[in-house]
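**Q** Handing you this structure, nothing more for now.
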Amino acid sequence: MKVELSKPFVDQECLDAMVRAASSGKHILQDECKSFEAEFAAYVGTKHAVLTNSGTSAIFLVLKALGVNQGDEVLVPSFTAFPTIEPIFHVGAIPVFCEVGDDYTVDVFDLEKRVTEKTKAILPVHLYGYPANIGRILEVGSRYGIPVVEDACQAHGSEFDGRKVGSFGIAGCFSFYPSKNMTVFGDGGILTTNDDQLAERIKMLRNHGRKARYDHEMVGYNLRFNEAQAAVGRVQLRHLNEFNAARRQHAETYQILLSDSPLVLPGEDSTQRRHVYHLFVVRIENPEDKPTETRDRLKEFLKEKGIGTEIHYPIPGHLQSGTKAEFERLGLPVQSLPKTERYCNGILSLPMHPQLKPDEIRYVADNVRLFFDKL
4 MKVELSKPFV
14 DQECLDAMVR
24 AASSGKHILQ
34 DECKSFEAEF
44 AAYVGTKHAV
54 LTNSGTSAIF
64 LVLKALGVNQ
74 GDEVLVPSFT
84 AFPTIEPIFH
94 VGAIPVFCEV
104 GDDYTVDVFD
114 LEKRVTEKTK
124 AILPVHLYGY
134 PANIGRILEV
144 GSRYGIPVVE
154 DACQAHGSEF
164 DGRKVGSFGI
174 AGCFSFYPSK
184 NMTVFGDGGI
194 LTTNDDQLAE
204 RIKMLRNHGR
214 KARYDHEMVG
224 YNLRFNEAQA
234 AVGRVQLRHL
244 NEFNAARRQH
254 AETYQILLSD
264 SPLVLPGEDS
274 TQRRHVYHLF
284 VVRIENPEDK
294 PTETRDRLKE
304 FLKEKGIGTE
314 IHYPIPGHLQ
324 SGTKAEFERL
334 GLPVQSLPKT
344 ERYCNGILSL
354 PMHPQLKPDE
364 IRYVADNVRL
374 FFDKL
């Protein structure tokens, strides 16, 4: 049996929508894009949504529009995808890396300890589809007058206290990369905000700084979105709750089938936080089990059984070569984050997507247990 790690949802409705938009004669930031923005804002519960070409660009545009600049600091967890961190460097700022808690989201106590007068933004990540403790993060931001920008690139539909992530901070940033909970048949991104001025500034920045046709109020960028992909996104958004319900059901099945394994399993829903399981990440924690060696052997064993897995992410942000090169250029020391580093050494993502079948999940779980039985 072959079990894919991830699989984007494609049906005839998506294909028909793409062809219809491509045949309309309108291609960039027209009717489909405007409708998608309005529908996504309504879904998240914000006044505005602004499409762009990737989740990375969404973060960049928000930081740029907020005026985060050379020498400023942005608080961010190191336990995240590197594209969370790149926009901080792109605006000339310095990422100040924070530890994470047992749920893989930023440790708020550690975050607050790292606030300085140079801190100009807080960038929490709702990693793997699980919401960070955004209530307490907002308290920190309010206490020091620092805007909070949510990286919700892996958390479409995730909720905290009954509200969608992406509706709490000054802005929320989402990605439509093909493996995400909803996609657009390629790269894409969107940001959400209730701030009228911020939304308008970002709309200009993404489109060459243009205020009106051939009237460029500022030097901007070409970070626009297209009609064909927006049409697909509108179809996917209508199915998002259905997709997330399937992911939660799959996660519940994994939890039951792997409950007697030595793996640390993901946190489940609580009354406050609602998981959407972009990824189902397990961890080998016991030092006696040699986490990295055992994890890598398990990955190879599952590959031989036709099961797709991945490590999200093997190298934390503060130890990435790109980060170390930038820090060396700036004369800054590389940080030490023991908990983050330990977690990276033992994590593994098992197959997770809405189209998984019960027998596929059982096949994955059976082979995970078989591996540990043979140890």
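First residue of the sequence shown? That's 4 in my numbering, and the numbers climb one at a time after it. Every residue gets a Cβ at the ideal spot worked out from N, C-alpha and C, and that includes glycine. Computed from a predicted model, the values in this text were never measured in an experiment.
Are residue 278 and residue 161 closer than 8 Å when you measure CB to CB?
**A** Against a cut-off of 8 Å, the Cβ pair of residue 161 and residue 278 comes out as a contact.
**Q** Quick one, are the C-beta atoms of residue 2 and residue 114 less than 8 Å apart?
**A** As shown, the chain starts at 4 and ends at 378. That puts residue 2 outside it, with no answer to give.
**Q** To the nearest angstrom, how far is the alpha carbon of residue 192 from that of residue 270?
**A** 27 Å
**Q** Quick one: what's residue 352 bridged to in DSSP?
**A** 284, 313
**Q** So, using beta-carbon positions, are residue 47 and residue 144 closer together than 8 Å?
**A** no
**Q** To the nearest angstrom, report how far apart residue 356 and residue 202 are at their CA atoms.
**A** 32 Å
**Q** Where residue 208 and residue 4 are concerned, what is the direct C-alpha to C-alpha distance, given to the nearest angstrom?
**A** 48 Å
**Q** Does the distance from the CB of residue 86 to the CB of residue 108 come in under 8 Å?
**A** no
**Q** List the DSSP bridge partners of residue 78.
**A** 99, 125
**Q** Any contact of the stretch 222 to 232 with the stretch 328 to 345, i.e. 3+ C-beta pairs under 8 Å?
**A** The stretch 222 to 232 is not in contact with the stretch 328 to 345.
**Q** I believe residue 173 touches residue 152 by the beta-carbon criterion, under 8 Å. Please report the beta-carbon distance rounded to the nearest angstrom.
**A** Rounded to whole angstroms, the Cβ separation of residue 173 and residue 152 is 6 Å, and the two are in contact under 8 Å.
**Q** Once the 5 residues before and after residue 317 are set aside, which same chain residues still bring their CB inside 7 Å of it?
**A** 347
**Q** Could you tell me the alpha carbon to alpha carbon distance between residue 297 and residue 236, rounded to whole angstroms?
**A** 39 Å
**Q** Jot down the residue ranges of each uninterrupted alpha helix (DSSP H) in the stretch 223 to 271, minimum 4 residues, whole runs only, in chain order.
**A** 230 to 260
**Q** Which residue wins for smallest C-alpha separation from residue 349, given the options 133, 361, 245, 290?
**A** Out of 133, 361, 245, 290, 290 has the C-alpha closest to the C-alpha of residue 349.
**Q** If you draw a straight line from the alpha carbon of residue 140 to that of residue 373, how long is it in whole angstroms?
**A** 41 Å
**Q** Under the assumption that residue 1 contacts residue 233 (Cβ atoms under 8 Å), give the Cβ distance between them as a whole number of angstroms.
**A** It is not possible to answer for residue 1, since the shown part of the chain is limited to 4 through 378.
**Q** Using DSSP's beta-bridge definition, name the partner residues of residue 158.
**A** Within the DSSP secondary-structure output, residue 158 pairs in no beta bridge.
**Q** Output the distance between the C-alpha atoms of residue 251 and residue 165, rounded to the nearest integer angstrom.
**A** 16 Å
**Q** Which stretch, first to last residue, makes up the beta strand (DSSP E) that contains residue 53?
**A** 51 to 55
**Q** Cutting at 8 Å between CB atoms, please list the residues of its own chain near residue 336, excluding the five before and the five after it.
**A** 330
**Q** Residues bridged to residue 176 by DSSP?
**A** 154, 194
**Q** Can you name the start and end residues of the alpha helix (DSSP H) that residue 206 belongs to?
**A** That run of the alpha helix (DSSP H) goes 199 to 209.
**Q** Which first and last residues belong to the alpha helix (DSSP H) in which residue 328 is found?
**A** 324 to 333
**Q** Can you tell which of 293, 150, 130, 21 has the C-alpha that lies nearest to the C-alpha of residue 2?
**A** Nothing about residue 2 can be read from this structure; the chain reaches only from 4 to 378.
**Q** If you draw a straight line from the alpha carbon of residue 370 to that of residue 26, how long is it in whole angstroms?
**A** 47 Å
**Q** Do the CB positions of residue 59 and residue 194 come within less than 8 Å of each other?
**A** no
**Q** So residue 342 is in the alpha helix (DSSP H); what residue range does that whole segment cover?
**A** Unbroken alpha helix (DSSP H) run through residue 342: 341 to 347.
**Q** Nearest by alpha-carbon distance to residue 117: which of 123, 101, 132, 106 is it?
**A** 101
**Q** Give every residue of the same chain whose Cβ lies closer than 6 Å to the Cβ of residue 342, excluding the five residues on either side of it in the sequence, and list them in chain order.
**A** 102
**Q** Between the Cα of residue 66 and those of 98, 43, 41, 16, spot the shortest distance and give me the residue it belongs to.
**A** 98
**Q** In three-state DSSP terms, what is residue 31?
**A** Looking at residue 31 - three-state DSSP - the assignment turns out to be strand.
**Q** Distance check for residue 314 and residue 110, CA to CA, integer angstroms please.
**A** 21 Å
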